[in-house]
Amino acid sequence: MLMPQSYLSNSSPSVSCVTHTFQKPCLHGTSYYPSFQVGSRPLFQNKRSERIRARNGYNNSSNKIKAVAVSEQAEKKTVKVKATITVHLTVGGFFSDLSLERGADDITDLVGKSLLLELVSTTLNPKTKTEKDTIKGFAQKTCQIVDKVKYEAEFEVPHSFGEIGAIYVENEHHKEMFVTEVVFEGFPTGPFHISCNSWVHSKIDSPAKRVFFSNKSYLPSETPEGLKRIRGEKLVELRGNGEGERKKFESIYDYDVYNDIGDPDTNIELKRPILGGKQNPYPRRCRTGRPSCKTDPLSEERVVGVYVPRDECFSGIKQLNFKGKSIYSVLHALIPSLEAAIVDKDLGFPVFSAIDDLFNEGIKLPLLQGEGFLSNILPRLIKFIKDVEQNILRFETPATMDRDRFFWFRDEEFARQTLAGVNPFSIQLVTEWPLKSKLDPNIYGRVESAITTETIEEEIRGFMTVEEAIKQKKLFILDYHDLLLPVVEKVRELEGTTLYGSRTLFFLNNDSTLRPLAIELTRPPINGEPQWKEVFTPAWHSTGVWLWRLAKAHVLAHDSGYHQLVSHWLRTHCAAEPYIIATNRQLSAMHPIYRLLHPHFRYTMEINAFAREVLINANGSIENSFSPGKYSMLLSSIVYDKQWQFDLQALPADLINRGLAVEDPNAPHGLKLTIEDYPYANDGLILWDALKGWVTDYVNHYYAEPRQVESDKELQAWWEEIRTVGHGDKKDEPWWPVLKNKEDLVGIVTTIVWITSGHHAAVNFGQYHYAGYFPNRPTITRCNMPTEDHSDPEWELFLKKPEATLLNTFPSQIQATTVMTVMDILSTHSTDEEYLGETLEPAWAEVPIVKSAFEKFKGKLMELEGIVDERNADRTRKNRNGAGIVPYELMKPKSEPGVTGKGVPYSISI
Ligand SMILES: [Fe+2]
22 MLMPQSYLSN SSPSVSCVTH TFQKPCLHGT SYYPSFQVGS RPLFQNKRSE
72 RIRARNGYNN SSNKIKAVAV SEQAEKKTVK VKATITVHLT VGGFFSDLSL
122 ERGADDITDL VGKSLLLELV STTLNPKTKT EKDTIKGFAQ KTCQIVDKVK
172 YEAEFEVPHS FGEIGAIYVE NEHHKEMFVT EVVFEGFPTG PFHISCNSWV
222 HSKIDSPAKR VFFSNKSYLP SETPEGLKRI RGEKLVELRG NGEGERKKFE
272 SIYDYDVYND IGDPDTNIEL KRPILGGKQN PYPRRCRTGR PSCKTDPLSE
322 ERVVGVYVPR DECFSGIKQL NFKGKSIYSV LHALIPSLEA AIVDKDLGFP
372 VFSAIDDLFN EGIKLPLLQG EGFLSNILPR LIKFIKDVEQ NILRFETPAT
422 MDRDRFFWFR DEEFARQTLA GVNPFSIQLV TEWPLKSKLD PNIYGRVESA
472 ITTETIEEEI RGFMTVEEAI KQKKLFILDY HDLLLPVVEK VRELEGTTLY
522 GSRTLFFLNN DSTLRPLAIE LTRPPINGEP QWKEVFTPAW HSTGVWLWRL
572 AKAHVLAHDS GYHQLVSHWL RTHCAAEPYI IATNRQLSAM HPIYRLLHPH
622 FRYTMEINAF AREVLINANG SIENSFSPGK YSMLLSSIVY DKQWQFDLQA
672 LPADLINRGL AVEDPNAPHG LKLTIEDYPY ANDGLILWDA LKGWVTDYVN
722 HYYAEPRQVE SDKELQAWWE EIRTVGHGDK KDEPWWPVLK NKEDLVGIVT
772 TIVWITSGHH AAVNFGQYHY AGYFPNRPTI TRCNMPTEDH SDPEWELFLK
822 KPEATLLNTF PSQIQATTVM TVMDILSTHS TDEEYLGETL EPAWAEVPIV
872 KSAFEKFKGK LMELEGIVDE RNADRTRKNR NGAGIVPYEL MKPKSEPGVT
922 GKGVPYSISI
C-alpha cells in the first residue's frame, strides 16, 4: 500500500535547531604521522612539525633522539573536527510514527546517543603494521530543516591519524534511518564529504556496523592498507551464506531461479514451471529464501512485500509518485473496482464509440477502498466525484490519437511504428528466399511459407523482382513464425484467447518508408486437423480489406506480446538483475566500476520484485491480458534460450544482426544503416556513442596500464559471476566477450549501461502513446480468423458485420482498461526522475579528469536534444515527420514529469 510521506509530529516543527553539549568522543588514535590527510589532499599542513623534522634532519643519526622527542610532542596535537550527519525523513522510517519505541528513541536523541560514528584511517600503525584504532563519537540531533534532520558529532583527530578512508555508523534507535551524507568540517583544507544515501538498520535488528567508504575510488590493488580488511569483509557480508529467509533490513545479494511466479497453494492451476535451469533457461533473480509452497516443494511461497536488499528499495523520498508502489496499489485496488463495475469479464466493446467513451465519459467505479483512495494514487486517471460518491476512471487521450484520430487504421502508420514506435527491435532484413520454417515438419506441418514470389511481385507491381528486392535490401520482415508456432496448440486450449505463427513482409520505398506487403498466419496441425496457413494482403474489396485489418490485429498482438515479454521485460528488467547482484557481490563500493554502474541500477530490483508480485505472476496482468496467457513467461524463457546473446545487446551489434546496418568506417558511428530514416537507430546511435565516450574516458582514467584490467581480481570475479551464475544457463556459449583489456571493459560496461538507459527508455516511455488506444496495439486477440473455418457461424457474422468481428477479436473491457492503466503508469516519469547526464555523482566530482569527462558527456547529450528536434522538423524524414505523426523523442535525454514520450533515465526504475 502506498503510505503518505510522514513528517515529524507537532512537537518537532519543520525547522528546529537546538544547542547541546557534544558527547565527549572516545579517542583511540595513536600518533605516528606528523601530517593528516583526507582523500588525496592533505587536510592538515603541519608546518611546525615539518620545520622540526627539517631542522633536526631525520637522516642525521646524531640528532635522532632529540628529533623523536620533539616529534612526539607534535604528534600529540589534534585537530577538532565536527561531523554533520544528514538523515532524510522517509516513509516507514525512524521519524514516521509515535509509538512507544519512538518515545524511547526521542529520549535517545535527547541524551545524545543516537548515532555512533567511527573514523577509520587508510593507513596502518607504522610500528605494529596493524590497523589503527578508530576514533569514536556519538552524534546528537541538532536541527531539522523541512524533511532533513541533522545530527552532529565532534572529534579530536590526532595529526598522525592519516587519511580518513571510511566511517562506521551504528544506529542506536529502534528504527532504521535513511542517512544521506556525512560532512566533516574543521580540517584546514575545508569540508570533507562522505556520501551514504543508504538505510542504516537499527542496532536492535543487527549489531553489525554499517561502513561507508570515502568518495575516493580505488582499484583492489591500490586499496590503502588500512582499508584492505574492511573492503574484503564487506563483500563477504554482502554475499551472505545462501541460507535462511532474508529480512527486510538486510542487504544481502544472492541468486535464485524464478520459482515464485506461480501460486499453487492458492490454486493448483496457478502452478507455473520454474524458470532458470536446463529445462527453462533464464537469468537469475535475487534470492529471498522464503519457504517452499505446501503443494509444490520447488516453488517459493507467495508473500506481500518481496525482499530486496534494503538499499535497492525506493528510498521513501519518492513520494506519491512512488512508482513501483503505485503499480502495486493500482493493481490491487483498481482491478477489484473494475471487476465490480464490469461484471462480465469477457465483455468486449460493442461498438467503437464505446472505446472512445473511455477518454470522454470514463467508467464509473464503485468505492471499494476509502473515499478518494484511488484518485489519490492515480490522480491523472481517476477522479473522485463527491456528490455521487464514485470514482470515475477516465483516460487521457494518447498523443498519437490526439494528433490523428484514425492513426491506428493506416497501413503506413502500422509500418512506421516498426521503426519509430515502441518496439523498433523486431524488424529485420530478409536475406533468404523463399521463406522457410526451421521447425520439425512432422509436428508443425509444411515448412514452406505461403508467401510466394508471385505474392510479393504482385504487390510491388513489376517495380522489381523479389530477387532484385532482396539484393537491393528492400524486403523486411516481422517474423513471429517459428517462435510462436510451437506454443499455438497449448495457447488455443486456454479460454478467451488464440494464437498463430505470423510473418509480415514490408517493402522499403525510396523515401525510406516501409509498405506492408503481406501477412501470413499459420496454425499447426491440431486435433487431427492439418496445418492451416493463409496469406493476407492489402485489398481493394471489402472482404479483403476487413480480413487484412483482422490479420493486422493478430500481428499487432504478437508484436505487443514480444515487446512486453522480450524487448522490455527479458532484455532490460530481467537480464539486468544479475548485473546488479554481481556488482554488489564482487565489486567493492569503492571500486571505480561499481561507482560508474551504481546510478544505472537504482530501483531496478524493487520494480522487478513488484513485477513478480503483480504483473508477470500467475493470474497477473500479463497472463490475463496478453495472447499467450499462462504461457507468457515460458515464451520469454524460450526466447532467452534461442535468441538472447549478451554481445547482441549492444545497439550496433543488434542492428548488424538484424541486417539493419553494416559496418562502414566512413559512415557516422561506423555504421551504414540499411534504412536511412530509422528514428530509433538514428538517435540511439548518438546516445550509444555518448555513453561509450563517457565510459571510455572513465575507464582510461582508472586503468592507466592495460594489464590492470586482467589483474583486477574484483573485476574478473564480477564478469565471471555474470557469465557463469547470473546468466549461468548460458555459461557455455561462445559469444561471451572476454575481459582482458580496456576495450573489452568499455564494450561490456557500455552494453550494460545502454540496456538500463537507452534501450529501456526506447521500449518503456512510449507505451501509453502507442498502446493507450488499444486498437493500435491490442495485447490479445480472442477470436480466430473467420477464414480458418468457413462453416463456423463466425464467418457469417463477419460477412454481415465485420466491425463486430474485429471488436470481438480485440481485448475485453477489463483486459483493455487494465492494460491502459498499467501502460499509463509505466510511461510516467516521476517528479524526481534521474535522467542521464544530470547529476554528477560525488565520487565522480572528486576527480577533475572524471568530472570534465562527465561534462563532455553532458554536452553531447545536450547536443542530442537539439539534433532530435531538428530531425523531427525535417520533412524529408517521413518516419518521424508528417501530418498527424507524433515526433520521435524517445531518445531525447531530458523530460518533464508525466507521460511525455521522451526522457532517458539512468536506470530501469519503472
Ligand atoms: Fe520498464
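Numbering (this note's numbering), first residue to last: 22 to 931. Every residue, glycine too, gets a C-beta built ideally from N, C-alpha and C. Bear in mind the structure is a predicted one, so any value in this text is a computation, not a measurement.
Practice task
Indicate whether the contact test is met: 3 or more Cβ pairs, each with one atom in the stretch 902-912 and one in the stretch 920-930, closer than 8 Å.
Solution key: yes
Problem - DSSP three-state assignment for cysteine 314, whether helix, strand or coil - result: coil
Practice task
Compute the Euclidean distance between the alpha carbons of aspartate 580 and glycine 265, then round it to the nearest angstrom.
Solution key: 41 Å
Problem - Segments of 3+ residues assigned as beta strand (DSSP E) that fall wholly inside the stretch 454-535 - result: 496-501, 522-529
Problem - C-alpha gap between tyrosine 927 and threonine 860, whole angstroms - result: 10 Å
Practice task
Measure from the alpha carbon of methionine 422 to the alpha carbon of each residue in Val451, His790, Leu538, Gln300, then state which is nearest.
Solution key: His790
Exercise for the section: Classify proline 620 as helix, strand or coil using the three-state DSSP reduction. Expected result: helix
Handout entry: Own chain, CB closer than 6 Å to valine 770, minus 5 neighbours either side, in chain order
Key = Val716
Practice task
Answer yes or no: do phenylalanine 875 and tryptophan 865 have a C-beta to C-beta separation smaller than 7 Å?
Solution key: yes
Problem - Cβ-heavy atom distance, asparagine 444 to ligand 1, below 6 Å - result: no
Exercise for the section: Mind checking which residues open and close the alpha helix (DSSP H) that includes asparagine 829? Expected result: 823-830
Handout entry: glutamate 206 in three-state terms, based on DSSP
Key = strand
Exercise for the section: Could you name the residues that DSSP lists as bridge partners for aspartate 277? Expected result: Arg306
Exercise for the section: Answer yes or no: the CB of isoleucine 951 versus the heavy atoms of ligand 1, is any distance below 6 Å? Expected result: Beyond the ends of the chain as shown, which are 22 and 931, falls residue 951; an answer cannot be given.
Problem - CA-to-CA distance, leucine 460 to lysine 255, given in whole angstroms - result: 50 Å
Problem - Cross-strand partners of valine 178 (DSSP beta bridge) - result: Val100
Practice task
For the beta strand (DSSP E) containing histidine 214, list its first residue and its last residue.
Solution key: 213-221
Practice task
Inspect the CB distances between the stretch 592-607 and the stretch 270-277 and report whether three or more fall short of 8 Å.
Solution key: yes
Practice task
Pick helix, strand or coil for glycine 186, following the three-state DSSP scheme.
Solution key: strand
Exercise for the section: Determine the direct distance from the alpha carbon of proline 294 to that of threonine 745, and round the result to whole angstroms. Expected result: 22 Å
Problem - C-alpha distance - arginine 441 paired with serine 533, whole-angstrom precision - result: Rather than arginine, the amino acid found at residue 441 in this sequence is alanine. Cα-Cα distance, rounded: 12 Å.
Exercise for the section: Starting from tryptophan 1, trace the beta strand (DSSP E) both ways and give me its first and last residue. Expected result: Only positions 22 to 931 of the chain appear in the structure, and residue 1 is not among them; the question remains open.
Practice task
Within the stretch 620-706, note down every full alpha helix (DSSP H) run reaching 4 residues or more, in order along the chain.
Solution key: 625-631, 642-646, 653-663, 672-678
Practice task
In angstroms with no decimal places, state the Cα-to-Cα distance between alanine 783 and aspartate 425.
Solution key: 22 Å
Practice task
With a threshold of 6 Å, establish whether the CB of asparagine 785 neighbours any heavy atom of ligand 1.
Solution key: yes
Problem - Local Cβ density within 10 Å of proline 799, reported as buried at 16 or more and exposed below that - result: buried
Problem - CA-to-CA distance, proline 285 to proline 914, given in whole angstroms - result: 43 Å
Problem - Contacts around serine 930, its chain only, beta-carbon distance under 7 Å, and the 5 residues preceding and following it disregarded - result: Lys344, Arg623, Tyr624, Thr625, Ile628
Handout entry: chain B within 7 Å of leucine 681, Cβ atoms only
Key = Of the chains in the structure shown, none is chain B; there is only one protein chain.
Problem - Anticipated Cβ contact below 8 Å, tryptophan 569 with threonine 558, distance rounded - result: 7 Å
Problem - Under 7 Å between C-beta atoms of aspartate 704 and asparagine 900 - result: no
Exercise for the section: Run the proximity test for phenylalanine 270: is its beta-carbon closer than 6 Å to any non-hydrogen atom belonging to ligand 3? Expected result: The model depicted lacks ligand 3 and carries ligand 1 instead.
Exercise for the section: Pull up the distance between the alpha-carbon of leucine 672 and that of arginine 633, whole angstroms please. Expected result: 28 Å
Handout entry: Reduced DSSP secondary structure (H/G/I, E/B, other) of proline 25
Key = Note on proline 25: pLDDT 30, under 50, position unreliable in the model; no value is reported.
Handout entry: Neighbour-count burial assignment, glutamate 726, 16 or more Cβ in a 10 Å radius
Key = exposed
Problem - alanine 354 classed as buried or exposed, judged by whether at least 16 other C-beta atoms fall within 10 angstroms - result: buried
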